[in-house]
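Numbering (my numbering), first residue to last: 1112 to 1462.
From the three backbone atoms N, C-alpha and C, an ideal C-beta is built for every residue, glycine too.
Have a look at the structure below, then the notes.
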Amino acid sequence: MSLLARFQLEIDQGLPTSSLGGTSNEESTSQAESAASTTRRAEPTRATSLSPPTTPQAQRRNRSESLEAQEAQRVLKRKKLHALKVCRDHGLEDSALDNFAEQDTPEMLITIQATLLRRARDTQTDEASTFINSKEFKEIMKDRLRTCLLSPNLTGYLIDLPDNIFAYAKKNLSMFKIPASAIEDPEMSESIDILIKDVLTKQRAMIKNKIGKSLKQKSHISVLAKSLAPSRHYEITTHHWARFSFLRVSLKTFNELVAESMVAKVADLQKNKETTSTSHDIPGEGINSRSLGDSADDKLDDDGNHTQSANLDDGSEARNLNGDSKAKKPRTWVASDFWEYVDLLLSDLRD
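So, in structure tokens, the structure goes:
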């Protein structure tokens, strides 16, 4: 058989194409592919983007969480060491910043902002406390409260005036130069209330003295108004003149009442002294002594200087035939009652 025939026969049977000791290209390619396939079967397959990994994902996650926990512990340790250094540099306790160091960044920022706000509030409170106790604030209150007392629309100088002014001041803090933080603080609010009452008392005394001086000097009402004005920019109207005139007339009448009260008081003392002396001179005549006292009271009533309620023999209050009490003893006015007297006059005028 010829060589060509043998080659054709080997191809048809799938045998090696060369029997002469050499290998063909096709035989080498087939052997290489067979070896590569065997190698792939022997080696474990690697994960690709198209095939799931052979290693369980849970094991990789646990390892990552462990590393993160270790890193967090290292970071916390560094923060605490730095916090300890800062505390020692600023003379604080070693554990003063431990809780702060354990916070994350957002928590730290919120804590810092809250601390700054609290410090600002404390600073405002301290400044407000210093201001309301200062001489400057007292001068401001003197000016504002005198303006209130000189108002022609004022309906009373004593009754509820401090409370009404304080309520008005709370609604107009800028007008009275009162810090808002002072109103929110109970202690400072009480201090302002006490200051208002004290300043009102002194301003009323000052106004009364100037009105009295105007009476003695018989000065024009415009001169009195100018002396009472709290500042150069205070506008005086005819309504103010009318109120000042009313106060001056009221003071004149009140001084007369005080003088009459003093005379009546002296007469009472003299009468009591004479009654006591007569009672000792006539022993056993208590009824006659009381009768003399009653006669003395009646005489004072006729003179119009004093009215004294008579006493019955049993010491009870005297009553008329209808069972009604006699007229009460007139009030004894003293110089310090002027503004109460003015309030009574204003109340009568309103009625």
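Would you tell me roughly how many angstroms separate the C-alpha atoms of residue i and residue j, rounded to the nearest one?
i	j	result
L1311	K1321	15 Å
Q1063	H1351	Only positions 1112 to 1462 of the chain appear in this structure, which leaves residue 1063 out of reach.
K1327	P1297	46 Å
S1292	A1278	16 Å
S1177	E1218	24 Å
A1207	D1200	12 Å
D1409	R1442	With a pLDDT of 41 at D1409, under the threshold of 50, the modelled position of that residue is not reliable, and the figure given next carries that caveat. Those two C-alpha atoms are separated by around 18 Å.
R1185	L1228	32 Å
I1251	F1287	7 Å
L1269	S1285	25 Å
K1378	A1316	Strictly speaking, residue 1378 in this sequence is Ala, with Lys absent from that position. For A1378 and A1316, the distance between alpha carbons rounds to 30 Å.
I1276	S1447	22 Å
S1245	T1266	31 Å
I1289	I1223	30 Å
S1302	A1375	42 Å
T1226	K1190	20 Å
E1247	T1241	11 Å
L1460	H1344	31 Å
G1202	S1175	40 Å
K1329	D1462	32 Å
With DSSP run on the structure shown, which of helix, strand or coil describes residue i?
i	result
S1292	helix
R1442	coil
Q1224	helix
S1245	coil
L1265	coil
Q1214	coil
S1342	coil
N1366	helix
A1180	helix
L1203	coil
T1348	coil
I1270	coil
D1462	coil
S1356	helix
L1335	helix
K1329	coil
N1275	helix
L1208	coil
N1320	helix
N1383	helix
For the candidate residues the options, whose alpha-carbon lies nearest to that of residue i?
i	options	result
A1463	D1215, S1338, W1450	The question about residue 1463 has no answer here: the residues shown for the chain are numbered 1112 through 1462.
H1193	L1456, N1383, E1213	E1213
K1188	E1204, F1211, H1201	F1211
S1361	E1247, L1457, N1244, M1219	L1457
D1304	S1342, L1256, I1318, H1344	L1256
P1071	T1349, A1225, A1316	Past the edges of the chain, shown from 1112 to 1462, lies residue 1071, and the structure says nothing about it.
D1271	D1454, D1462, D1459	D1454
K1249	K1313, E1295, F1355, D1233	K1313
L1260	G1202, D1459, T1364, F1355	F1355
Assuming residue i and residue j form a contact by the criterion Cβ under 8 Å, report the distance between their Cβ atoms to the nearest whole angstrom.
i	j	result
A1239	M1299	6 Å
A1340	I1347	6 Å
I1307	P1273	5 Å
I1294	K1281	6 Å
Y1452	F1357	Not a contact, Cβ separation roughly 12 Å.
Counting only the same chain and skipping the five closest in sequence on each side, list residues whose C-beta sits under 8 Å from that of residue i.
i	result
R1359	I1322, S1325, L1326, I1332, L1335
K1319	L1362, F1449, W1450
A1180	none
I1221	none
What residues in its chain sit with their C-beta under 6 Å from that of residue i, if we drop five residues either side in the sequence?
i	result
W1444	L1368, V1369, S1372
K1253	V1310
S1338	K1321
T1258	P1341
K1384	none
D1233	none
For residue i, collect the residues of the same chain with a Cβ closer than 7 Å to its Cβ; drop the 5 residues on either side in sequence, then sort them by chain order.
i	result
C1198	E1204, D1205, A1207, L1208
K1196	none
T1236	S1292, D1296
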